[in-house]
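K.L.:
Sharing a structure below in structure tokens format, with a few things to ask.
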Ligand SMILES: Cc1cc2nc3c(=O)[nH]c(=O)nc-3n(C[C@H](O)[C@H](O)[C@H](O)COP(=O)(O)O)c2cc1C
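Residue numbers (this note's numbering): 177 to 319.
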């Protein structure tokens, strides 16, 4: 079985409240657990940045569903790669609101305007952002 990881960024259709985000997470967690997918979701009032990892077939199918999902647009693939082992094996879908990330660390990833724009990330930056910054603050479960 080939194991892969996929990172994408997208723009929310509107500013979602906590309930809508929870709805996405609930669905993601139960479906991911069934499909042997793990990962994490970072969001701020504008963007989603998501990392998913698992069997290639399951990841490709999930990415196709995510692309069709009307809650966001401009779904942009940043990284797709084969991996030897998982980074977030215990998390069916951890999540982090970017507001909870440490400002001084966020500044490292900010552009000239002082804002973090994940659309400008290289694959390498996206991965290090998720692993070094987001994972530190990520909650494996919110309830
Ligand atoms: C930002 C975002 C992240 C999502 N993450 C996942 C996920 O990790 N796993 C999942 O099963 N669905 C996730 N979804 C929901 C899927 O887009 C889709 O609605 C769901 O998988 C059901 O698809 P289906 O009706 O094709 O089975 C996410 C949706 C959004 C907007």
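Where a beta carbon is used, it is the ideal one built from N, C-alpha and C, also for glycine.
Can you tell me whether residue 306 sits near ligand 1, meaning its C-beta is under 7 Å from at least one heavy atom of the ligand?
P.N.:
Every heavy atom of ligand 1 is 7 Å or more from the Cβ of residue 306, so no.
K.L.:
Classify residue 186 as helix, strand or coil using the three-state DSSP reduction.
P.N.:
Residue 186: strand per DSSP, three-state reduction.
K.L.:
What does DSSP give as the partner residues of residue 226 in its beta bridges?
P.N.:
Residue 226 is bridged to 184 and 217.
K.L.:
Measuring CA to CA, which of 208, 218 and 266 is closest to residue 292?
P.N.:
Taking only the C-alpha atoms, the option nearest residue 292 is 218.
K.L.:
So what's residue 250 in DSSP terms, helix, strand or just coil?
P.N.:
Residue 250 falls in the strand class under three-state DSSP.
K.L.:
Span of the beta strand (DSSP E) holding residue 270?
P.N.:
270-273 is the extent of the beta strand (DSSP E) around residue 270.
K.L.:
In whole angstroms, give me the CA-to-CA distance for residue 297 and residue 240.
P.N.:
Each residue's alpha carbon lies about 22 Å from the other.
K.L.:
Less than 7 Å separating the Cβ of residue 266 from some heavy atom of ligand 1?
P.N.:
The answer is no for residue 266.
K.L.:
Closest to residue 273 by CA distance: which of 186, 259, 209 and 224 is it?
P.N.:
It is 224.
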